[in-house]
Amino acid sequence: NAGVTQTPKFQVLKTGQSMTLQCAQDMNHNSMYWYRQDPGMGLRLIYYSASEGTTDKGEVPNGYNVSRLNKREFSLRLESAAPSQTSVYFCASSRGPATYEQYFGPGTRLTVT
Amino acid sequence: AQTVTQSQPEMSVQEAETVTLSCTYDTSESDYYLFWYKQPPSRQMILVIRQEAYKQQNATENRFSVNFQKAAKSFSLKISDSQLGDAAMYFCAYSNTGNQFYFGTGTSLTVIP
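Line by line, the protein sequences are chains A and B.
Take 1 as the starting number for the first sequence in the numbering used here and just add one per residue.
Take 1001 as the starting number for the second sequence in the numbering used here and just add one per residue.
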């Protein structure tokens, strides 16, 4: 089992460009999450999907959109990238609500110039 | 919004010794869950230990144990017999019974041989 996979691992964008971060899990988990990690700030929840077909905002959703394509895949889209979105992005999944253990992907380091 | 505070940005411990990492949180809810996650230099987030707020007994996982003080809203992590592989960033996290998840800013642990 690969667990949680993320693509790409690294990305550099210019301000105003768009891109989609991909995430997939092979553990048949119901819930999936997107976080960003900035220096000195820990992880902050951007969006989550409690189950296939549902998505909800987390703590810092502005500037992002998500799609729960199916039970396995949960993508994060930046429509018009800004330097403030430079960060490391983590996808995670769990069997149920966030009270369960979350399994994290390896992260995507995004730089917006 | 709930907040999670880790007041020790950095800690160090001699190999084979014991170290305690501190965490406090703020919530008005009575039912919630607390976690400690480890992030080694590889960036992969790994669950160390989990505590349900309704359980009075402190959680233990091998060399890792917690001191959960619900009234004081304190959740510290004790690492016994520290090993070189314990060197990492440690994040305290809080989750309510839904899907909102809050992380602290982390404590960087150095293990001295």
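Yeah, the Cβ is synthetic: ideal placement off N, Cα and C, and Gly gets one too.
Owing to the predicted nature of the structure, the values given are computational and were not obtained by experimental measurement.
Take Gln1039 of chain B, set aside five residues on each side of it, and the residues of its chain with a beta-carbon closer than 7 angstroms to its own are Met1045, Ala1088, Met1089 and Phe1091, in chain order. Close to chain A, meaning a Cβ-Cβ distance shorter than 9 angstroms, is no residue of the region 1055-1088 of chain B at all. Chain B places no beta carbon closer than 7 angstroms to that of Tyr89 of chain A, leaving this residue out of the contacts. Here the region 9-26 of chain A makes contact with the region 104-113 of chain A; the two share three or more CB pairs at distances below 8 angstroms.
Judged by DSSP secondary structure, Cys1092 of chain B falls within the beta strand (DSSP E) whose first and last residues are Ala1088 to Ser1095. Contact annotation: Ala82 of chain A and Gln17 of chain A have beta-carbon atoms that are not nearer than 7 angstroms. Counting the other Cβ atoms within 10 Å of the Cβ of Gln6 of chain A gives 16 or more, which makes it buried. With contacts defined as CB atoms closer than 7 angstroms, Thr1005 of chain B and Thr1024 of chain B qualify as a contacting pair. Taking a C-beta distance under 7 angstroms as the contact criterion, Val112 of chain A and Thr86 of chain A qualify as a contact pair. Think of a sphere of 8 angstroms around the beta carbon of Thr1105 of chain B: the chain A residues whose beta carbon falls inside it are Gly40, Met41 and Gly42, in chain order.
According to the DSSP assignment, Glu1052 of chain B belongs to the beta strand (DSSP E) that extends over Ile1046 to Glu1052.
DSSP places Leu69 of chain A in the coil class of the three-state scheme, outside both helix and strand.
Against chain B, the beta carbon of Glu73 of chain A has no neighbour under 7 angstroms; the closest one sits roughly 18 angstroms away. Look at Phe10 of chain A: its C-beta is not under 7 angstroms from any C-beta on chain B. Around the CB of Gly96 of chain A, fewer than 16 other CB atoms lie within 10 Å, so the residue is classed as exposed. Per DSSP, the beta bridge partners of Ala24 of chain A are A:Thr5 and A:Glu73.
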